[in-house]
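J.: Here it is, the structure, as structure tokens.
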Amino acid sequence: MNSFFPILNWAGLLLLKEKLSHCTPYQEAERDSRAQWAAFKASHPEALNEEVLDLLDRCNLAAAWERDAAFCLGLQLGLELGGLGRFWDTEP
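Residues in the sequence shown are numbered from 13 upward in steps of one, following the numbering used here.
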């Protein structure tokens, strides 16, 4: 993997976070998931909470690899098509 990939990936994540910070459905889903997780933690033993966290870590690692692979594919396609535009531009 090229050494510039981490920088591009970081920039992509920043742009995504910026977009999502203005997305009401995402913010609502994030709040709901945090509330559900807090309720789960409060109603289950610590050992089960640790097991669930381990499972989530494994799932999130797989999802991170998928996200990175999709980013690389999108970057490659953008380069091959001759330009890279930002998605969700709000200005013309």
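Virtual Cβ for every residue (Gly too), placed ideally from N, Cα, C.
Give me the Cα-Cα distance between P37 and L91, rounded to the nearest whole angstrom.
T.: Working through the sequence shown from its first residue, we reach residue 37 at position 25. Working through the sequence shown from its first residue, we reach residue 91 at position 79. Going by the C-alpha atoms only, they are around 31 Å apart.
J.: Could you give the distance in angstroms between the alpha-carbon of W77 and the alpha-carbon of K29?
T.: Position 65 of the sequence shown, counted from the first residue, corresponds to residue 77. Position 17 of the sequence shown, counted from the first residue, corresponds to residue 29. Looking at the two C-alpha atoms, the distance is approximately 18 Å.
J.: How many Å lie between H34 and E40 at the Cα?
T.: Mapped onto the sequence shown, residue 34 falls at position 22. Mapped onto the sequence shown, residue 40 falls at position 28. So the alpha carbons of these two residues sit roughly 11 Å apart.
J.: Can you give the Cα-Cα distance for L89 and F83, rounded to whole angstroms?
T.: The count along the sequence shown starts at 1 and reaches residue 89 at position 77. The count along the sequence shown starts at 1 and reaches residue 83 at position 71. Between L89 and F83, the C-alpha separation is close to 10 Å.
J.: Alpha carbon to alpha carbon, what distance is there between L87 and R46?
T.: Position 34 of the sequence shown, counting from 1, holds the residue named residue 46. Position 75 of the sequence shown, counting from 1, holds the residue named residue 87. R46 and L87: Cα-Cα distance of roughly 32 Å.
J.: Between the C-alpha atoms of L80 and W49, what's the straight-line distance to the nearest angstrom?
T.: On the sequence shown, residue 80 is found 68 positions in, with the first residue counted as 1. On the sequence shown, residue 49 is found 37 positions in, with the first residue counted as 1. Looking at the sequence shown, residue 80 is not Leu but Asp. Computed Cα separation, rounded: 26 Å.
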